[in-house]
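Undergrad: Once you've had a glance at the structure underneath, I'll fire off some questions.
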Amino acid sequence: MSNYLLSLAIWIPIFGGFGVLVAGSLGDDSKARATALLVAVVGFLVTIPLWTGFDVANGGMQFVELKTWIPRFNINYHLGVDGISMLFVLLNAFITIIVVAAGWEVIQNKVAQYNAAFLIMSGLMNGIFTSLDGVLFYVFFEASLIPLYLIIGIWGGPKRVYAAFKFFLYTLFGSLLLLIALMYLFIQSGGSFSILEWHKLPLQLGPQIWIFLAFMISFAVKVPMWPVHTWLPDAHVEAPTGGSIVLAAIALKLGAYGFLRFSLPIAPDASHELSSLVIGLSLIAVVYIGFVALVQSDMKKLVAYSSIAHMGFVTLGFFLFSAIGIEGALVQMVSHGFVSGAMFFCIGVMYDRVHSRQIADYGGVVNTMPKFAALFMLFSMANAGLPATSGFIGEFMIILGAVKLNFWVAFAAASSLIVGAAYTLWMYKRVVFGDVANHHVAEMSDINKREFAILGVLALCTLGMGLYPQPFTEVMHASVNELLNHVNISKIH
Amino acid sequence: MFDNFVVPDLLPAAPEIFLAVMALAILMIDLLVKDSRRTVTFVLTQLTLVGCALLQFGSSTGEIVYTFSNMFVDDLMSDLLKLFLYMTVIVVMFYSRGYIIERPTMNKGEYYVLTLFATLGMMVMISANHFLTIYLGLELLSLSLYAMVAMNRDSATSTEAAMKYFVLGALASGLLLYGMSMIYGATGTLEITGVGERLLSGGVNKSVLVFGLVFLVSGLAFKLGVVPFHMWIPDVYHGAPTSVTLFIGSAPKLAAFAIVMRLLVNGLITMAADWQMMLIILSVLSMAIGNLAAIAQTNLKRMLAYSAISHMGFMLLGITTGVVSGDARYALNAYSSAMFYVIAYVMMSAGTFGMILLMSRAGFEADNLEDFKGLNKRSPWFAGVMLMLMFSMAGVPFFIGFFAKFSVLQAVVAAGYMWLAIVAVLFSLIGAFYYLRVVKLMYFDAPADETPIAAGLDMKILVSVNGLAVAGFGIFPQMIMSLCAYALLRSL
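From first to last, the protein sequence lines are chains G and A. Start counting the first sequence at 8; every next residue gets the next number (our numbering). Start counting the second sequence at 1432; every next residue gets the next number (our numbering).
See below:
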C-alpha cells in the first residue's frame, strides 16, 4: 500500500474532480460540494502516512514508484518524495480542504466545475512535487495551467479575461524554455529523463549556464521574481478567493521548488557563478516590491505584492548555499502557505460582505466583527514576521544565513522586516481600527462557524509552526544536506 | 512480342483495385437509389473502406514489395498510413452525413463517390514509387476535391473557393511536374528509388538537378500548404462546405507526408543539404505567418486554416532534422516524429471540424468564433471536448498534441538545431493565444442564444470518442509512436 501512496495523492483528487463533475450533473450543487469535500479529505488522509512513515534520517527519495511510461523516449512514471517535497505534498492536500470549504457558500455559479477544477489542480500539483522524471514533471507543470486558467477566467473579477491570458501565456513561455532544457539534458545524459541521474551528470560551465538560464526563466516566472512578477498581482486581484489561496499557498512554491530540484543540483557551478544575479533580483523583490506594497489601495493587491517580497526571501535563502539558508527558505515557503492563504481568505471574508477590496472602503471593522479582527490580527502579525508566528522563523533563518555571506545583503533583507511590518500593520490599522467608516461596515456580521473553523485551523498551524518548528526542520534536514552535497561539489572536471 | 508481357503482382495493390471497382459500382448503384434512400450509398461507402482496411491487413507482408514495374511500392509505412487514412475517411464520412443530409444540393451520390476517388488518389500517392504514379494520385485527389469544394453550388463563396483552389492547384501541379521533368532530365529515370541510385553513383548534372529540386519543393509546399505557397488554404477552408473542409483538413495531410518522404527522403536524400535549408525556411515562415495570421481571424474555419499552415510547418521540422547527422537512428527518430505529428494533427483536426459540424444546423454554419460563445452553459460536455481539442492543438499536456510537439522538438534538439527549437517554441506560444481564445469564448462569455445543440446521437458519440482519443493517446502515446517508428524502420 505504501508503495502507491504518492499515486493515490495525485490521482484521488484528479479522478475525484471528475467525480464531482458527474455528481454535479446528476444532482444539485450540494451533492457536488459534499463530494468535493469528501474527495479533499480523503486526499489529505492518504498523505498522512507519508508524514508518519517518513524516515527523517534518510536524505534520499522515499515512497518511490517506478513504472515504464513511454519507453520510446525512456520516459518513466517515476515518483518519490524527500524531505523537501514531502512538506509541500502535505501542505497542498491540506490547503485543498481549506479551498473547498472557503468556496462553500460563496460560489453559487457552476459549483461542480469550480470544485472539480480545484481538485484536479491539487492532484496535478502533487504530481509536480513528486515527479522524478523530467517529462512527467513537465507534463504536470504545464497541465496545471489549465485549471488555474479556467478558475481565474470563469469565477474571477471584472478584468478576469486579461488576467487569465496574462497568467497563462507568461507561465507557458517559461515552461517552454524548460522543455528545451529538459531535451538538451536528455541528449547530454545519453537518453535519460531521470532527474536524479541528471543530478550526477557532469557538465561543463558553458552548457550549465545555458541550462541554468533556461530553468531560471521558467521558474522565475512561476515564483515570481522581479521583473517577471507582473502577472501575479493581476491574477490575484481577479481570481476568486479560492484561486488566490491556491496561487499563493501552493502555485508560487512550484517555481521555488524547481530551483531546488533542477537548477541547483543540475547546474551547481552555474548556480555559484550566477548567484549574485539571483541574490540581486531577490533583494530587489524584497525591498522594492515591499515599497510597492506599501502604496497599494487594494488589499488583495497589497497581499499579492507582499507574496512577491516573501518569495524573494525564499530565492535569497536558496542561493546562500548553506543549510540554514535553504531550510529557512523552506520554512518560509510552508509558513507563507498558511499565512498568505489565511490573508487572502480574510480579504475574501470582507469582500463577501461589502463587495469591495479597497482599503478606503473600510474602517472600524473590529466594532462589528471582533472575532474576525482578532484572527486577522494574528495573520497580519505573521505576515509581518513577528516572533512566535511561523513567519518569523523562516525570515530569521535566512537573515542569519545571509549575515555569514555578506553583511549588506543581510542588512537589505532585514530591512524588509520593517517595510513588511509597515505595509501589513498599516493596512490592518486602516481596515480594522478607528470608527465605523460607513453603513456597509456597520452592517457587517461576524464570521460564521465555517469561516471560524477555517481561520482557526490556519491560526493553529501558524502558531504551532512559530512556537515549535522542530518537526518541520527535522524532516527536511537530511534532504537539504543531500542537496548541498550536490550543490557544493563542482561538476567541472 | 507478348512473351515479354508479365502479369504484374496485383496483391500489393489489392486495396486500391478493390476501392476503384467499388467506387465505380457505387456510382452505378447510386443511380438506382432514390434521394430519400441515400443511406444505401453511405453504408456501401463505409463498407468499402472497411473492406480496404481488411485487404490492407491481408496483403501486408511487412516487407518492401515493388510491383507494376517498380511504379508501386507496398511497405509498412504505406500500410500504416493507409490504415490511418481509411480510419480518417470513415470518421469523416460519419461526421459529414448529418451535414449533407440537411443540405439537399450536397446529398448526392457523387459526394460519396468523389470521396472514394479522392481516397484512392491518396492511396496511390502513399504507395507511389514513380514520379508519374505520384502525379496520377495527386491529380485524382485534387480533381475530386475541386468538385467537392464546389458542390454547394448555390453558395458564391464555395464557388469562388473552388475556382481559387482549381487554378492554384493546377499551378502547383505544373510546378511539380516541371520539377519532375528536370530531375528526369538530370538522372534519366522517373522511378524514385532509381533516382536515388543514379544520384549515388554520381555523374549527374547538378545544376539541372537543383533547379528541378526547387520546383519540386515548391510544388510539395503548395500541396502541404506551407508559406509562401499557402494562399489557397484560408480561402478554401473557409469557402468549402464544412464537411468538405473537414475532409481537406485531415486525410490529405497523411498523403502529403507520404509524398514528401518518398520524393525527398527515398529519392533525393543525397540532395538533403540542398532541400534541408529550403524546408527550414518554409517551416519557420509557416509557423510565423500561420500563427500570427490566425490571431486576427474571426472565422473559426479560417483560424483553423492558418493553424493548419503552422502545424504543417512544425511537421516539416521533423523531416528536416532527420538528415543532419547522418546517423540512421536519429534520422528514424526524426521521420517518425513527423509521422506521429501528422497522425496526431489529423486526429485533432477531424475532432475540431467535427465540433463545428456538431454545432451546425440546416441553414446555419457554426463557423464563426462567436458561435462558440458560452458553449459551457449550453453543453458542458461538448465544451469540455472542444477544450481538450484546443489545448491539444496548443500542445499542452495531457493531450496528444503535446507529445506530437515533444517528439518533433526532441528531434530538432537532437540534431543540434537549438535555435530552431527555440523559434518553434516561441511560435507555439503565440499559437497558444488563439486556441486559448476559443476556450475563453466557451467558458468565460455568456451564450448569445441558449438553444440546445440539435445534433444526432451518432454525431455526439463520435465527437466524444474523438475528443477522448485525443486525451487517451495523450496519456498513452507510446503505441502510435512505436508503430510509426517500426513502420519507418522497415520501410527506409
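Note that beta-carbon positions come from the ideal geometry of N, C-alpha and C, so glycine has one too.
1. Identify which residue in A/Met1746, A/Gln1707 and A/Phe1784 has its Cα closest to the Cα of A/Val1645.
2. Would G/Phe386 pass as a contact of G/Met350 if the rule is Cβ separation under 8 Å?
3. Return the chain-ordered list of same chain residues with a C-beta closer than 7 Å to the C-beta of G/Val106, the five sequence neighbours on each side being excluded.
4. Mind checking G/Glu149: buried by the 16 CB within 10 Å criterion, or exposed?
5. Looking at the secondary structure, which residues open and close the alpha helix (DSSP H) in which A/Gly1616 lies?
6. In whole angstroms, what is the alpha-carbon distance linking A/Lys1808 and G/Arg40?
7. Can you list, in chain order, the residues of its chain whose CB lies under 8 Å from that of G/Ala391, leaving out five sequence neighbours each side?
8. Can you grab the Cα-Cα spacing for the pair A/Asn1560 / A/Tyr1615, in whole Å?
9. Quick check on DSSP: helix, strand or coil for G/Ser138?
10. Would you say A/Tyr1874 faces chain G, with C-beta separation under 8 Å as the test?
11. According to DSSP, A/His1669 sits in a beta bridge with which residue or residues?
12. Rounded to whole angstroms, how far is the Cβ of A/Ser1913 from the Cβ of A/Met1508, which I believe are closer than 8 Å?
13. Along the stretch 75-109 of chain G, where does the CB come closer than 8 Å to a CB of chain A? Name the residues.
14. Using only alpha-carbon positions, find the residue among G/Leu220, G/Gln303, G/Tyr358 and G/Leu139 that is nearest to G/Ser92.
15. Indicate the three-state DSSP secondary structure (helix, strand or coil) for G/Asn116 in the structure shown.
16. Helix, strand or coil for A/Lys1465? Go by DSSP, reduced to three states.
17. Apart from the five residues on each side of it in sequence, which residues of its chain come closer than 6 Å, Cβ to Cβ, to G/Met68?
18. Looking at the C-beta of G/Ile153, does it have a partner C-beta in chain A at a distance below 8 Å?
19. I'd like to know whether the C-beta of A/Gln1487 is nearer than 8 Å to at least one C-beta of chain G.
20. Can you give me the C-alpha to C-alpha distance between A/Leu1480 and A/Leu1450, rounded to a whole angstrom?
21. Buried or exposed: G/Met232, going by 16 or more other Cβ atoms within 10 Å of its Cβ?
22. At a cut of 8 Å, does the stretch 1482-1498 of chain A reach the stretch 1531-1538 of chain A through at least three beta carbon pairs?
23. When the Cα atoms are used, what is the spatial distance from A/Ile1565 to A/Gly1552?
24. Please list, in chain order, the chain G residues whose beta carbon lies closer than 9 Å to that of A/Met1912.
25. Note down, one range per segment and in chain order, each alpha helix (DSSP H) of at least 4 residues found wholly within the stretch 1622-1671 of chain A.
26. For a quick check, are the C-beta atoms of A/Gly1680 and A/Leu1735 less than 8 Å apart?
27. Apply the 10 Å Cβ neighbour rule to A/Ser1575 and answer buried if 16 or more other Cβ atoms are within range, or exposed otherwise.
28. Can you give me the C-alpha to C-alpha distance between A/Ile1690 and G/Ile135, rounded to a whole angstrom?
29. How many angstroms separate the CA atom of A/Ser1500 from the CA atom of A/Gly1847?
30. With a threshold of 8 Å between beta-carbons, can A/Val1968 be considered close to chain G, or not?
31. Output the distance between the C-alpha atoms of G/Tyr84 and G/Phe144, rounded to the nearest integer angstrom.
32. Check each residue of the stretch 176-195 of chain G: if its Cβ is closer than 8 Å to any Cβ of chain B, include it; give the result in chain order.
33. Return the CA-CA distance between G/Gly463 and G/Leu382, expressed in angstroms with no decimal places.
34. How about G/Arg167: is its C-beta nearer than 8 Å to some C-beta of chain A?
35. Would you say A/Ile1853 faces chain G, with C-beta separation under 8 Å as the test?
36. Cutting at 7 Å between CB atoms, please list the residues of its own chain near A/Ile1911, excluding the five before and the five after it.
TA: Let me spell this out:
1. For the options A/Met1746, A/Gln1707 and A/Phe1784, the alpha carbon positioned closest to that of A/Val1645 is the one of A/Gln1707.
2. With respect to G/Met350, G/Phe386 sits close: the two C-beta atoms are nearer than 8 Å.
3. Cβ neighbours of G/Val106 within its own chain (closer than 7 Å, five residues either side excluded): Phe125, Gly249, Ile252 and Val253.
4. The residue is buried, with at least 16 neighbouring Cβ atoms inside 10 Å.
5. Counted as a single uninterrupted DSSP element, the alpha helix (DSSP H) harbouring A/Gly1616 occupies residues Ala1587 to Thr1618.
6. C-alpha separation (whole angstroms): 19 Å.
7. Cβ within range, chain order: Gly398, Leu424, Gly427, Ala428, Thr431 and Leu432.
8. Approximately 14 Å between the Cα atoms of the pair.
9. Strand at G/Ser138.
10. Yes, its Cβ sits closer than 8 Å to a Cβ of chain G.
11. The bridge partners DSSP lists for A/His1669 come to none.
12. Incorrect: roughly 14 Å between the Cβ atoms, too far for contact.
13. Correct list: Trp76, Ile77, Pro78, Arg79 and Phe80.
14. Of the listed residues, the one whose Cα sits closest to G/Ser92 is G/Leu139.
15. In this structure, G/Asn116 counts as coil in the three-state DSSP scheme.
16. If DSSP states are grouped into helix, strand and coil, A/Lys1465 belongs with coil.
17. The answer, listed in chain order, is Gly87 and Asp89.
18. Chain A, which has a Cβ nearer than 8 Å to the Cβ of G/Ile153, makes this yes.
19. For A/Gln1487, no Cβ of chain G is located within less than 8 Å of the residue's own Cβ.
20. Take the alpha-carbon of A/Leu1480 and the one of A/Leu1450: they are about 8 Å apart.
21. Under this definition G/Met232 is a buried residue.
22. Of all C-beta pairs linking the stretch 1482-1498 of chain A to the stretch 1531-1538 of chain A, fewer than three are shorter than 8 Å, placing the two stretches out of contact.
23. For the pair A/Ile1565 and A/Gly1552, the Cα-to-Cα distance works out to about 9 Å.
24. Per Cβ cutoff of 9 Å: Ile77, Arg79 and Phe80.
25. The stretch 1622-1671 of chain A contains these whole alpha helix (DSSP H) runs: 1623-1632, 1637-1655 and 1663-1670.
26. A/Gly1680 is a Cβ neighbour of A/Leu1735, given a cutoff of 8 Å.
27. A/Ser1575 sits buried, since 16 or more C-beta atoms from the chains shown fall within 10 Å of its C-beta.
28. A/Ile1690 and G/Ile135 have their C-alpha atoms roughly 42 Å apart.
29. Cα-Cα distance, rounded: 40 Å.
30. Residue coverage of chain A in this structure runs from 1432 to 1923, which leaves residue 1968 of chain A outside it and unanswerable.
31. Their Cα atoms are separated by approximately 10 Å.
32. Although the question refers to chain B, the structure presented lacks it and instead comprises the protein chains G and A.
33. Cα-Cα distance, rounded: 8 Å.
34. Closer than 8 Å to the CB of G/Arg167 there is at least one CB belonging to chain A.
35. By this cut-off, A/Ile1853 is an interface position.
36. The residues Phe1771, Ile1774 and Phe1904, in chain order, have a CB closer than 7 Å to that of A/Ile1911 in the same chain once the five nearest residues on each side in sequence are set aside.
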